[in-house]
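Participant: According to the numbering used here, the sequence shown holds residues 676 to 912 in order. One structure follows; several queries about it will come next.
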Amino acid sequence: MQLLVSVNSVSEASLALSAGVDLLDLKDTTYGALAMLDMGVSQAILQAVRHHRIAHPASTVTVSATIGDDCASMEQLKQRMDARLEAGVDIIKLPATIWLDSDLQTTLQRFLGHQVSLIAVFSPAELAEHAFMHEKLAELSAKGYFGVMVDTIDKHMPVTAQVDQHTLRAFIQLAQSLALTVGVAGGLQVSDLKLLSLMRPDYIGFRSGLCEQQQRKNCLSASMLMTTVEKMSDICQ
């Protein structure tokens, strides 16, 4: 398992890199569940990542980015994705309002045809519809998606309280059986690691649980970040 941490500045990215975080997620954490981070800030973070990779040749850090909670047109979608891929983002995360939108499928398929790594984000409500979940996971795998994840809009309750364990485990296992990388995120605390580690997702995502006063709009806490990295390391040994 790997640890994903959402960052919104160069200082936060540098903190996460220094702590040994595997996956950085570029996101505007001040509003929305998958709000898009400013392009200038994103470029500055990616430059810091490039410097980190040069200084640490063995580093396997990967960068994902969100592109907003919705998208108005195929052209807007293409512009947002092109800008981030050209800047050096490795993976693009898409909410259901985008990956399910029939009007955007031609553009998405074009990117998939060029081997761009896309992650489709499910909400807890979408996982609760078991037939829908099974059908869509199979479709996403067939289309060539890199992976899927579940994330929450309501960050006041962890995803582990919004999705029952049986459903969460079924989502993880089915996704992995279809060769999809699978992640779990949404309001998680360090205390959730033990339960989730038993389900073996490919990565676990954090933001609010690592911030000052447990508020995702606040800055990352260096001590909470290190505690989580150490806990994850202990679990994975």
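Where is the CB? At the ideal position from N, CA and C, for every residue including glycine. These numbers were taken from a predicted model, which means no experiment stands behind them.
Can you give me the start and stop residues for the beta strand (DSSP E) that Thr741 sits inside?
Facilitator: Counting along the chain, the beta strand (DSSP E) containing Thr741 begins and ends at Thr737 to Thr741.
Participant: Which of the three DSSP states is assigned to Cys894 in this structure?
Facilitator: coil
Participant: Taking only three categories from DSSP, how would you classify Phe807?
Facilitator: The answer is helix: DSSP assigns Phe807 an H, G or I state.
Participant: From the DSSP output, read off the bridge partner residues of Thr856.
Facilitator: Gly822.
Participant: What residue range is occupied by the uninterrupted alpha helix (DSSP H) comprising Lys768?
Facilitator: From DSSP, Lys768 is part of no alpha helix (DSSP H) but of the beta strand (DSSP E) over Ile766 to Leu769.
Participant: Quick check: the Cα distance between Val736 and Gly763, rounded to an integer number of angstroms?
Facilitator: 12 Å
Participant: Straight-line CA distance for Ala897 to Asp778?
Facilitator: 43 Å
Participant: Quick one: residues in its chain with C-beta nearer than 6 Å to the C-beta of Leu692, no 5 flanking neighbours on either side, listed in chain order?
Facilitator: His727
Participant: Which stretch, first to last residue, makes up the beta strand (DSSP E) that contains Ser792?
Facilitator: Ser792 to Phe797
Participant: Buried or exposed for Glu687, please, with buried defined as at least 16 other CB atoms from any protein chain shown within 10 angstroms of its CB.
Facilitator: buried
Participant: What's the gap between the Cα of Pro799 and the Cα of Asp744?
Facilitator: 16 Å
Participant: What's the call for Asp909, buried or exposed, on a 16-neighbour Cβ count within 10 Å?
Facilitator: exposed
Participant: How would you label Leu870, buried or exposed, when you count the other beta carbons within 10 angstroms and need 16 or more for buried?
Facilitator: exposed
Participant: How would you write the range of the beta strand (DSSP E) that Ile828 sits in, first residue to last?
Facilitator: That residue, Ile828, is in no beta strand (DSSP E); it is neither H nor E in DSSP.
Participant: Are Gln840 and Thr827 touching if we call contact CB-CB under 7 Å?
Facilitator: no
Participant: On the criterion of 16 or more Cβ atoms from any shown chain inside 10 Å, does Lys892 qualify as buried, or is it exposed?
Facilitator: exposed
Participant: Select from Gly884, Lys906 and Met907 the residue whose C-alpha is nearest the C-alpha of Thr704.
Facilitator: Gly884
Participant: Is the CB-CB distance between Leu815 and Ala845 below 7 Å?
Facilitator: no
Participant: When the Cβ atoms of the segment 781 to 791 are set against those of the segment 750 to 765, are three or more pairs found closer than 8 Å?
Facilitator: yes
Participant: Per DSSP, what are the beta-bridge partners of Cys886 in this structure?
Facilitator: Leu895
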